[in-house]
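Residue numbering for the sequence shown follows the working numbering, beginning at 99 and increasing consecutively. All C-beta atoms, glycine included, are put in the ideal place defined by N, C-alpha and C. Input: a single structure, listed below in structure tokens.
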Amino acid sequence: MSPKLDSFRRIVVKIGSSLLVDQKGLKHEWLDALGADLAALAAGRRDLLVVSSGAIALGRRVLDLPRGPLRLEESQAAAAIGQIALARAWSETLQRHGFTAGQILLTLSDTEERRRYLNARSTIMTLLRLGAIPIINENDTVATNEIRYGDNDRLAARVATMLGADLLVLLSDIDGLYSAPPATNPDARFLPLVERITPEIEAMAGSAGSELSRGGMLTKIEAGKIATAAGTTMLIAHGHEHHPLRRVAEGARCTWFLPETQPVTAWKKWISGSVETRGAVTVDDGAVKALRAGKSLLPAGVRGVRGRFQRGDTVSILGPGGEEIGRGLVAYDSADAERIAGRKSAEIATILGYAGRAEMIHRDDMALRGE
């Protein structure tokens, strides 16, 4: 049995350029129909995030650039123009449906470098908490061929794993995965469910995208590998018709990719086993009990700081006897952590001269042994 759209609580929706932009420009009616779908999902107390292509496609039409591949500087100029139009379109559309849009432009380093990753994650989480719908795109005005995602399928997968989303929706110009390209092979078999992305599944992916899109099925399978390994379900669905998300909810054909684990488990596994620690904090018995009860680590429970680390680095959490009880991503540089260790969170601003986070290590960024 395939999953149901309404069973997910945090959903990332990726829209390709060919869905949003045609030779005449932005497809306003299609976008408004999608806005209605997003509003209906968000009204069910779900977190919605959108990864939207289209900036370069819009900008190249405003600048009347020729058809065919663009030079890097032309793509960057087109993005600078198109990002304004794209953000305005999303803002106006969501506002008509009672929601606020927030624009986030990411570069590759924003999800690959831990400190920038945490900053981007914190901003997006705040937008969600305030009831806004983040509209995310790669910052093509500054990205170069050497330091870029290259397509928004993989960007969407990174965003989904960053935010612990339980579903990634890739709206495409095809309704799912086939055993071969259906346009050239009449015997191609449709796959409604992929339990695991194997080399055989990867071999089914084509490589060509449309003129308005960098991606193809190959990049969607790559996105699926990123998402499902981190515990996120993914689906590929046809997006050209109006109300594509409602159509999926009503049973339209699509391909579901099942996750390997749960999002929280995958994130904690990354923290506990995949990252080198840069230092340690020793906590008291009261803090150990609080952490075991699911609480964050506050400065008041810290009795010692070891090593030299920066905000966002992984540190060991040591019990009173020196045993490692877990690991986490620390919210302060080591020098500041030493200054606030053992003090109440309300004193942080006075001690450091700025209002930092109340937690030394937030529970969401912590993995305890035995979890």
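Assign arginine 345 to one of three DSSP states: helix, strand, or coil. Translated into the one-based positions of the sequence shown, residue 345 becomes position 247. Here arginine 345 sits in helix by DSSP.
At the level of alpha carbons, what is the spacing between glycine 262 and arginine 437? Counted from its first residue, the sequence shown places residue 262 at position 164. Counted from its first residue, the sequence shown places residue 437 at position 339. If I take the Cα positions, the gap works out to 32 angstroms.
Exposed or buried, alanine 306, counting other C-beta atoms within 10 Å across all chains shown (16 or more means buried)? Taking the first residue of the sequence shown as 1, we reach residue 306 at position 208. Because alanine 306 carries a pLDDT of 42, less than 50, the predicted location of this residue cannot be relied on, and the following value inherits that uncertainty. Classification of alanine 306: exposed, given that the 10 Å Cβ count is below 16.
Would you mind working out which of Ile179, Ala435, Gly166 and Thr412 sits nearest aspartate 463, comparing C-alpha positions? What you label residue 463 is simply residue 365 of the sequence shown in a count that begins at 1. Aspartate 463 has its Cα closest to that of Thr412, out of Ile179, Ala435, Gly166 and Thr412.
Compare the Cα-Cα distances from lysine 387 to each of Gly399, Gly180 and Ile233 and report the closest residue. On the sequence shown, position 289 is the one that residue 387 refers to. Nearest option by C-alpha distance: Gly399.
Hey, out of Arg409, Leu450, Gly454 and Ile233, whose CA is closest to arginine 213's CA? As a position in the sequence shown, residue 213 is number 115, starting the count at 1. The option with the nearest alpha carbon to arginine 213 is Arg409.
For methionine 223, which residues in the same chain have their Cβ closer than 8 angstroms to its Cβ, ignoring the five residues on either side in sequence? Counted from its first residue, the sequence shown places residue 223 at position 125. Leu261.
Within 10 angstroms of its Cβ, does tyrosine 430 collect 16 or more other Cβ (buried), or is it exposed? Taking the first residue of the sequence shown as 1, we reach residue 430 at position 332. Tyrosine 430 comes out buried.
Do the CB positions of leucine 118 and glycine 157 come within less than 8 angstroms of each other? Taking the first residue of the sequence shown as 1, we reach residue 118 at position 20. Taking the first residue of the sequence shown as 1, we reach residue 157 at position 59. No.
Taking buried to mean at least 16 other C-beta atoms within 10 Å of its own C-beta, is alanine 301 buried or exposed? Start at 1 with the first residue of the sequence shown, and residue 301 comes out as number 203. Under this definition alanine 301 is an exposed residue.
Between Val267, Val148 and Gly426, which has its C-alpha nearest tryptophan 365's C-alpha? Counted from its first residue, the sequence shown places residue 365 at position 267. Nearest option by C-alpha distance: Gly426.
Less than 8 angstroms between the beta carbons of arginine 108 and aspartate 264, yes or no? For the purposes of this step, residue 108 is taken as the residue at position 10 of the sequence shown. For the purposes of this step, residue 264 is taken as the residue at position 166 of the sequence shown. Closer than 8 angstroms, so yes.
What does the Cβ neighbour count give for lysine 122, buried or exposed, with the cut at 16 atoms within 10 Å? Reading the sequence shown from its first residue, position 24 is the one you call residue 122. Exposed.
Just to confirm my understanding: we take arginine 194, look at its own chain, exclude 5 residues before and 5 after, and list those with CB closer than 8 angstroms. What are they? Residue 194 sits at position 96 when you count from the first residue of the sequence shown. Result list for arginine 194: Asp130 and Gly133, in chain order.
Whose CA, out of Glu348, Ser370 and Gly337, lies closest to the CA of serine 414? By one-based count along the sequence shown, residue 414 stands at place 316. Minimum Cα distance to serine 414 is reached at Ser370.
Please classify isoleucine 299: does DSSP put it in a helix, a strand, or coil? As a working note, residue 299 is residue 201 in the sequence shown. Residue state, collapsed to three classes: helix.
CA-to-CA distance, alanine 278 to arginine 287, given in whole angstroms: Taking the sequence shown and counting its residues from 1, one reaches residue 287 at position 189. Taking the sequence shown and counting its residues from 1, one reaches residue 278 at position 180. Taking the straight line from one Cα to the other gives about 7 angstroms.
Beta-carbon contacts of serine 173 that lie in its chain and below 7 angstroms, excluding the five residues immediately before and after: Here residue 173 is taken as the residue at index 75 of the sequence shown, counted from 1. These residues qualify, in order along the chain: Ile154 and Asp238.
Buried or exposed: lysine 442, going by 16 or more other Cβ atoms within 10 Å of its Cβ? Position 344 of the sequence shown, counted from the start, is the residue given in the question as residue 442. When all chains shown are included, lysine 442 counts as exposed.
Mind checking whether glycine 424 and leucine 466 have CB atoms under 8 angstroms apart? As a position in the sequence shown, residue 424 is number 326, starting the count at 1. As a position in the sequence shown, residue 466 is number 368, starting the count at 1. Yes. Within cutoff.
How long is the line joining the alpha carbons of isoleucine 295 and aspartate 162, rounded to whole angstroms? For the purposes of this step, residue 295 is taken as residue 197 along the sequence shown, with counting starting at 1. For the purposes of this step, residue 162 is taken as residue 64 along the sequence shown, with counting starting at 1. Those two C-alpha atoms are separated by around 41 angstroms.
With DSSP run on the structure shown, which of helix, strand or coil describes threonine 198? Here residue 198 refers to the residue found at position 100 of the sequence shown. Coil.
Along the beta strand (DSSP E) that carries aspartate 383, what are the first and last residues, could you check? Position 285 of the sequence shown, counted from the start, is the residue given in the question as residue 383. Taken as a continuous stretch (DSSP letters only), aspartate 383 belongs to no beta strand (DSSP E), being part of the alpha helix (DSSP H) at 383-390.
Please report the straight-line C-alpha distance between lysine 318 and proline 280, rounded to a whole angstrom. Translated into the one-based positions of the sequence shown, residue 318 becomes position 220. Translated into the one-based positions of the sequence shown, residue 280 becomes position 182. Answer to the nearest angstrom: the Cα atoms are 16 angstroms apart.
Looking at the unbroken beta strand (DSSP E) that takes in isoleucine 231, where does it start and where does it end? The residue given as residue 231 occupies position 133 in the sequence shown. Note, isoleucine 231: beta strand (DSSP E), 231-236.
Starting from alanine 328, trace the alpha helix (DSSP H) in both directions and tell me its first and last residue. Within the sequence shown, the letter at position 230 stands for residue 328. Run containing alanine 328: none; DSSP gives neither H nor E here.
Starting from the C-beta of arginine 461, find all residues in its chain whose C-beta is less than 7 angstroms away, skip the five residues before and the five after it, and write them out in chain order. Against the sequence shown, residue 461 aligns to sequence position 363. These residues qualify, in order along the chain: Gly392, Lys393 and Ser394.
Could you check the C-alpha separation between leucine 343 and alanine 199 for me, to the nearest Å? Start at 1 with the first residue of the sequence shown, and residue 343 comes out as number 245. Start at 1 with the first residue of the sequence shown, and residue 199 comes out as number 101. Roughly 18 angstroms separates the two Cα atoms.
Whose C-beta lies closer than 8 angstroms to the C-beta of isoleucine 459 among residues of the same chain, with five residues either side of it excluded? Stepping through the sequence shown from its first residue, residue 459 is reached at position 361. Excluding positions up to five away in sequence, the list reads Val379, Ser394, Leu395, Val413, Ile415, Gly426, Leu427, Val428 and Ala429.
Under DSSP, the beta strand (DSSP E) around glycine 464 begins and ends at which residues? In the sequence shown, counting from the first residue as 1, residue 464 sits at position 366. Here residue 464 is methionine; the residue named in the question, glycine, does not match the sequence. Start and end: 464-466.
Quick one: grab the DSSP three-state call for tyrosine 276. Residue numbering aside, residue 276 sits at position 178 when the sequence shown is read from its first letter. Tyrosine 276: strand per DSSP, three-state reduction.
What did DSSP end up calling valine 428 once you bin it into helix, strand or coil? Here residue 428 refers to the residue found at position 330 when the sequence shown is read from its first residue. Coil, per DSSP.
The beta strand (DSSP E) that contains threonine 412, what's its start and end? For the purposes of this step, residue 412 is taken as residue 314 along the sequence shown, with counting starting at 1. Residues 412-416.
Using 10 angstroms around the beta-carbon of alanine 258, count the other beta-carbons present and answer buried if the total reaches 16, otherwise exposed. Here residue 258 corresponds to residue number 160 of the sequence shown, with the count starting at 1. That one is buried.
Once DSSP output is grouped into helix, strand and coil, what is the label at glutamate 358? For the purposes of this step, residue 358 is taken as the residue at position 260 of the sequence shown. Note: glutamate 358 maps to coil in three-state DSSP.
Taking the beta carbon of threonine 331 as the centre, do at least 16 other beta carbons fall within 10 Å, making it buried, or is it exposed? Indexing the sequence shown from 1 puts residue 331 at position 233. Buried: at least 16 other Cβ atoms inside 10 Å.
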